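Scroll down for the structure; my scribbles are underneath it.
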Amino acid sequence: MKLIRLLQFILVLILLPEMACTPANSSPVLIDTKVCGLSLVAPPNPFSEDPIPPIQHVGANWIAVCPFAFTREGTNWVRYNSQWQWWGEKPEGVKKSIELAHAANIKVMLKPHVYFPGSWPGALEFDKESDWESWENDFTNYIMDFAAIAQEMDVELFSIGVEFKKSVVVREAFWRGLIQKVKTVYNGPLTYSANWDEFQSVPFWDALDYIGIDAYFPLLDHKTPDVKALTKSWRPHLEKIRTVYKKTNKPVLFTEFGYLSVDGCAYNTWELEAQIHSLELNEQAQANAFDALFTVFWNEPWWHGGFVWKWFPNMEGHEGYPAKDYTPQGKTCESILREWYSNNR
Numbered sequence: 042m043k044l045i046r047l048l049q050f051i052l053v054l055i056l057l058p059e060m061a062c063t064p065a066n067s068s069p070v071l072i073d074t075k076v077c078g079l080s081l082v083a084p085p086n087p088f089s090e091d092p093i094p095p096i097q098h099v100g101a102n103w104i105a106v107c108p109f110a111f112t113r114e115g116t117n118w119v120r121y122n123s124q125w126q127w128w129g130e131k132p133e134g135v136k137k138s139i140e141l142a143h144a145a146n147i148k149v150m151l152k153p154h155v156y157f158p159g160s161w162p163g164a165l166e167f168d169k170e171s172d173w174e175s176w177e178n179d180f181t182n183y184i185m186d187f188a189a190i191a192q193e194m195d196v197e198l199f200s201i202g203v204e205f206k207k208s209v210v211v212r213e214a215f216w217r218g219l220i221q222k223v224k225t226v227y228n229g230p231l232t233y234s235a236n237w238d239e240f241q242s243v244p245f246w247d248a249l250d251y252i253g254i255d256a257y258f259p260l261l262d263h264k265t266p267d268v269k270a271l272t273k274s275w276r277p278h279l280e281k282i283r284t285v286y287k288k289t290n291k292p293v294l295f296t297e298f299g300y301l302s303v304d305g306c307a308y309n310t311w312e313l314e315a316q317i318h319s320l321e322l323n324e325q326a327q328a329n330a331f332d333a334l335f336t337v338f339w340n341e342p343w344w345h346g347g348f349v350w351k352w353f354p355n356m357e358g359h360e361g362y363p364a365k366d367y368t369p370q371g372k373t374c375e376s377i378l379r380e381w382y383s384n385n386r
C-alpha cells in the first residue's frame, strides 16, 4: 500500500508542471502560418458538390464562414437563424461548411455579419438608450450563439463584429463587455473586422488578439493602374497600419480584401457596386490590384495574411453577375492569387 501511494505521489509530481502550463483560461494559440484565406459565400441550399477542392486548388489554407443576421436602419432589433434565410447562414449550414473545411485540413474564421439593407453597420446609431440596449441585447445573443458553435466545432478564429464604425467608439463599454462574454464560451483567438477607415479609432484592440481590417483602401482612380503605381499608392496606408501595430503590438489580418473585376476597381470600390451593370469588365485591373497588395504586405512580419472577398461555391456573383464581382474564380486574378498563396512569388 505504501508503495502504491508513493507511486501515486510521484505521478502527481510528474504531471503537475504539465497541468500548470494549460490552465482553463490560458491564452489562445495564435496563428503560426500565413493566412491564405477565402471568404466562402453561404449557399442558399445544401452543397450539391464538395466546395473544398477548388479552394485547395488556388492554394488557400483558411476560409471565412460568414453567417448573416439582419436589421434595418432605425430599428432596435437583430434577426438571425430565420426560416427564410439561406441554408449556409444558419447553424446547420455553418457547421457543415466548417466540417468540410476541417476534413481537408483547412482552418476557419467564423465571422458573423449584420446586413443593413440600404445602409451599413457603420451607420448604426440611436437617440434613446433603450433602443441601444434592445439592439445590443439581440446582437449579443447572435454573437454568443455563433461563438458557442465556434467552440463546439474547434474553429481557429472568431470575429466579434464587422464594420461598426460609430458604435465601437460611442459604445465602447458594450463592446468590451461583449468580448469578455465571448471569452466565457470560446477559448480561441479573437478579432474585430474594422472598416478600412476606422481601424485607427477602435478603442479595444488591447482586448483582442488580432487587428482585423476590411482592407478596401482607395488607391488610384484609374481604369487599369499598373502594379508599380498601385504599390506606391499603398505606402501611406501601410504606414498607418504599421503605426497601429506598433502601438498595440497586435498582428494584423485583412479580414476582407478584394476588388471587382471592372474599370477603376482600385478606388472607392463600395461606390462601384451600385454601378456594376454599366461598368466595363476589366480582369487585368483586378489582377493588378491583387498583385500590388501582396507585393506590399507579404513580407511584413506583422501582417499575418487575409481573406479574399469572396468565393462562391456555386459561382453566382453579385446580383447574378459573377464575371464582374469580387470573386477571382476563373479570372486572370485567380492565377495571381494561386502564385502568391502557393508562395511561388
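Using this note's numbering, you'd call the opening residue of the sequence shown number 42 and step up by one each time. Where is the CB? At the ideal position from N, CA and C, for every residue including glycine. From a predicted model like this one, the values you see are computed outputs, not experimental measurements.
Under the three-state DSSP convention, the category G163 falls into: Numbered from its first residue, the sequence shown carries residue 163 at position 122. Helix at G163.
What residues in its chain sit with their C-beta under 8 angstroms from that of Q325, if we drop five residues either side in the sequence? The residue labelled residue 325 in the question sits at position 284 within the sequence shown. Counting only Cβ-Cβ distances below 8 angstroms, and skipping sequence neighbours, we find T265 and T373.
List in chain order: all unbroken beta strand (DSSP E) runs of 3+ residues lying wholly within the stretch 103 to 174. Qualifying beta strand (DSSP E) stretches, in chain order: 103 to 106, 109 to 111, 148 to 151 and 154 to 156.
Can you round the beta-carbon distance between W118 and A83 to whole angstroms, since I take them to be within the 8 angstroms contact cut? Position 77 of the sequence shown, counted from the first residue, corresponds to residue 118. Position 42 of the sequence shown, counted from the first residue, corresponds to residue 83. Actually they do not touch by this definition, with Cβ atoms about 21 angstroms apart.
Which of helix, strand or coil DSSP assigns to H345: Position 304 of the sequence shown, counting from 1, holds the residue named residue 345. It is a strand residue.
Quick one: what does DSSP say T296 is sitting in, helix, strand or coil? Taking the sequence shown and counting its residues from 1, one reaches residue 296 at position 255. T296: strand per DSSP, three-state reduction.
I need the DSSP call for F199, collapsed to helix, strand or coil. Translated into positions along the sequence shown, residue 199 becomes position 158. DSSP places F199 in strand when its eight states are reduced to three.
Quick check: the stretch 156 to 165 against the stretch 206 to 215, are there 3 or more CB pairs under 8 angstroms? Contact between the stretch 156 to 165 and the stretch 206 to 215 is present: 3 or more CB-CB pairs across the two stretches fall below 8 angstroms.
Taking 8 angstroms as the threshold (beta carbon to beta carbon), is Q316 in contact with chain B? Note that chain B does not occur in the displayed structure, where there is just one protein chain.
Is the Cβ-Cβ distance between G347 and L294 less than 8 angstroms? By one-based count along the sequence shown, residue 347 stands at place 306. By one-based count along the sequence shown, residue 294 stands at place 253. Contact flag set, yes.
Can you say whether H318 is buried or exposed, counting buried as having 16 or more other CB atoms within 10 angstroms of its CB? The residue given as residue 318 occupies position 277 in the sequence shown. It is exposed - the Cβ of H318 has fewer than 16 other Cβ atoms within 10 Å.
Could you pull out every unbroken beta strand (DSSP E) segment of at least 3 residues lying fully inside the stretch 254 to 302, listed in chain order? 293 to 298
Measure the alpha-carbon distance for N86 versus V135 and round it to whole angstroms. As a first step, residue 86 is located in the sequence shown; it is residue number 45 there, counting from the start. As a first step, residue 135 is located in the sequence shown; it is residue number 94 there, counting from the start. The straight-line gap separating the alpha-carbon atoms of N86 and V135 is approximately 12 angstroms.
Check whether the Cβ of E312 lies closer than 7 angstroms to any heavy atom of the ligand COA, and answer yes or no. Only the bare structure without any ligand can be found here, which leaves the ligand COA out of the picture.
Work out the CA separation of V349 and S138 for me, nearest whole Å. Translated into the one-based positions of the sequence shown, residue 138 becomes position 97. Translated into the one-based positions of the sequence shown, residue 349 becomes position 308. Looking at the two C-alpha atoms, the distance is approximately 17 angstroms.
Relative to the C-alpha of L301, which candidate in P363, H263, K131 and A270 has its C-alpha closest? Against the sequence shown, residue 301 aligns to sequence position 260. Of the listed residues, the one whose Cα sits closest to L301 is P363.
From C291 to F240, what does the alpha carbon distance come to, in whole angstroms? In the sequence shown, residue 291 corresponds to position 250, counting from 1. In the sequence shown, residue 240 corresponds to position 199, counting from 1. Per the sequence presented here, residue 291 reads as Lys, with Cys not at that position. Straight-line Cα distance between these residues: approximately 12 angstroms.
Report back the beta-carbon spacing between L219 and T181 to the nearest angstrom; my notes put them in contact at under 8 angstroms. As a first step, residue 219 is located in the sequence shown; it is residue number 178 there, counting from the start. As a first step, residue 181 is located in the sequence shown; it is residue number 140 there, counting from the start. Sure, about 6 angstroms apart at Cβ, within 8 angstroms.
Check the C-beta distance from T232 over to D250 and give it rounded, since I have them as a contact under 8 angstroms. For this step, residue 232 is matched to residue 191 along the sequence shown. For this step, residue 250 is matched to residue 209 along the sequence shown. Here T232 really is in contact with D250; their C-beta atoms are around 7 angstroms apart, less than 8 angstroms.
Do you know offhand how far P108's Cα is from S234's? As a working note, residue 108 is residue 67 in the sequence shown. As a working note, residue 234 is residue 193 in the sequence shown. Going from the Cα of P108 to the Cα of S234 covers about 14 angstroms.
Pull up the CB-CB distance for A256 and F199, whole angstroms please, since I reckon it's below 8 angstroms. Numbered from 1 along the sequence shown, position 215 holds the residue referred to as residue 256. Numbered from 1 along the sequence shown, position 158 holds the residue referred to as residue 199. 19 angstroms between Cβ atoms; not a contact.
Could you name the residues of the same chain whose beta carbon sits closer than 7 angstroms to that of D247, not counting the 5 residues immediately before and after it, in chain order? Looking up residue 247 in the sequence shown gives position 206. Excluding positions up to five away in sequence, the list reads T289.
Kindly indicate the opening and closing residues of the beta strand (DSSP E) around A307. Counting from 1 along the sequence shown, the entry for residue 307 is found at position 266. Segment: none, A307 is in no beta strand (DSSP E) and carries neither H nor E.
Does the beta-carbon of H98 have 16 or more other beta-carbons within 10 angstroms, so that it is buried, or is it exposed? Within the sequence shown, residue 98 is the residue found at index 57, counting from 1. So H98 counts as exposed.
Does the distance from the C-beta atom of W352 to that of S80 stay below 8 angstroms? Locating residue 352 in the sequence shown gives position 311, counting from the first residue. Locating residue 80 in the sequence shown gives position 39, counting from the first residue. Taking 8 angstroms as the Cβ cut-off, W352 and S80 qualify as a contacting pair.
Please list the terminal residues of the continuous alpha helix (DSSP H) segment that includes N323. Translated into positions along the sequence shown, residue 323 becomes position 282. Unbroken run through N323: none, as it is neither H nor E.
Is it buried or exposed for N384, if we count other Cβ within 10 angstroms and need 16 for buried? Residue mapping note: residue 384 aligns to position 343 of the sequence shown, counting from 1. Residue environment for N384: exposed (fewer than 16 other C-beta atoms within 10 angstroms of its C-beta).
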